[in-house]
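The structure under discussion appears below in the form of structure tokens.
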Amino acid sequence: MPPDLRGRRSRDPFWVVVGALFNGIQWVRSLRTPVIPYVRPVDRGLTLVVQETRREAADVVGLRLGAPDGGLLPRWQPGCHLDLLLPSGRRRQYSLCGDPADRRSYRIAVRRLPAGGGGSIEVHEDLVEGRTVRVQGPRNAFPFLASESYLFLAGGIGITPILPMVQAAERAGADWRLVYTGRSRETLPFLDELAGLPPGRIVIRTDDEHGVPRSADLLRDAGPGTAVYCCGPAPMIDAVRGAFSAGTLHYERFAPAPIVDGRPFTVELARTGTTIGVAAGQSALEAIKAELPSVAYSCRQGFCGTCRVRVLDGTVDQRAATDQGGDSMLICVSRARGGHLTLDL
Ligand code: FES
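Each residue of the sequence shown is one higher than the one before, starting from 8 at the first, in the working numbering.
Structural data, given as structure tokens:
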């Protein structure tokens, strides 16, 4: 049909009916589709002040952080951590280990690691009462899920995410047990707080009194259906993972996982032209850190993204769940596929 004088086509009755049917179907569909409201992203960057420091165990300091004006802080759940952006520029993650109902302060606890990357020493020496520190979070990479029965396994400073979980399980009336291990009682933080919980549910195992625990010692109370939450050194987590089959295992490492099927490779740092060898059992981050101590990193486990670096040449063996390929890699876990990489460092 020819268009009218304004260029509009005449309306054929057949297409009018088809159009009305189509619009009707769309309208019915829209009634069934849930409306997802647009949520503006929240900037969780906060500047907090160190309200209090406290010695929690040998080489462990506890810090309470609050808003400079004493205002309310964002909510958190057991398992959450904060990213601390330290004055040196280092970024480190620490589990929240206080009371989620306390909206005026966050508590973290940090063990001093003289052979670490310097972050823990900076916390111990520089974050004194009254200092401010920039943080991001809280974020939850270790969610605590409802269950009728729990077995909590904590190794040393690994008690930090576990403690609020234990307290939440006790408040919820769940059936729970905690096995808390470490070198000696002096090295175990928060024994005083645990003393306020039912003693029959807690086993403290220290190497100097009982010897290094075996997985069977840790998992004795893991019955079918028990949710097991474990945080501790890598050998403890690996032993538990290897031995546990009865229920659900949730774990968080505070040290990198062992490297599986690692092959040696070389990395060229493009900005200086330096070439570094990465051994089979070593991460690229470790090798680069020896040459470039200021290289940025935090979790060393491939989830925080701090160590992401642009790859200028070579093929990457992407080993992090969060690595989607492209022209970058997480140097704490990913490796070279062809024996050599050139990085924008
Ligand atoms: S240091 Fe966190 S992803 Fe590499």
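All residues carry an ideal CB built from backbone N, CA and C; glycine is no exception.
So, are the CB atoms of Arg342 and Gly269 less than 9 Å apart?
-> yes
Presumed contact (8 Å Cβ cut-off) between Asp228 and Arg260, rounded CB distance = Incorrect: roughly 22 Å between the Cβ atoms, too far for contact.
Is Arg317 buried or exposed, if buried means 16 or more other CB atoms sit within 10 Å of its CB?
-> exposed
Euclidean distance between Cα positions of Asp50 and Arg146 = The predicted position of Asp50 is uncertain, since its pLDDT is 49 and thus under 50; a value taken from the coordinates is nonetheless stated next. Cα to Cα, the separation comes out at about 12 Å.
Could you check where the beta strand (DSSP E) with Ala64 kicks off and where it finishes?
-> 52 to 64
With a 10 Å radius around its C-beta and 16 neighbouring C-beta atoms as the bar for buried, classify Asp90 as buried or exposed.
-> Flag for Asp90 reads buried.
Confirm the yes/no value for this check: CB of Val340, any heavy atom of ligand 1, distance under 8 Å.
-> yes
Among residues of its own chain, excluding the 5 on either side of Gly284, which ones have a beta-carbon nearer than 6 Å to its beta-carbon?
-> Thr273
Since Pro361 is in the beta strand (DSSP E), which residue starts that stretch and which ends it?
-> Residue numbering for the chain in the displayed model covers 8 to 352; residue 361 lies beyond these limits and cannot be assessed.
For ligand 1, residues whose Cβ lies under 6 Å from any non-hydrogen atom = Tyr304, Ser305, Cys306, Arg307, Gly309, Phe310, Cys311, Gly312, Thr313, Cys314, Leu337, Cys339
Helix or strand or just coil, what does DSSP make of Ala343?
-> strand
Using three-state DSSP, classify Val173 as helix, strand or coil.
-> Val173: helix per DSSP, three-state reduction.
Where DSSP assigns a beta bridge to Cys237, which residues make up the other side?
-> Leu160, Tyr258
According to the neighbour-count rule (16 or more other Cβ atoms, all chains shown, within 10 Å of its Cβ), is Met8 buried or exposed?
-> Because the pLDDT at Met8 is just 43, under 50, the model does not fix this residue reliably, and the value given afterwards should be weighed accordingly. Exposed: under 16 other Cβ atoms inside 10 Å.
Among Glu275, Leu92, Leu352, Ala294, nearest to Cys311 - alpha-carbon criterion = Closest by C-alpha distance to Cys311, out of Glu275, Leu92, Leu352, Ala294, is Leu92.
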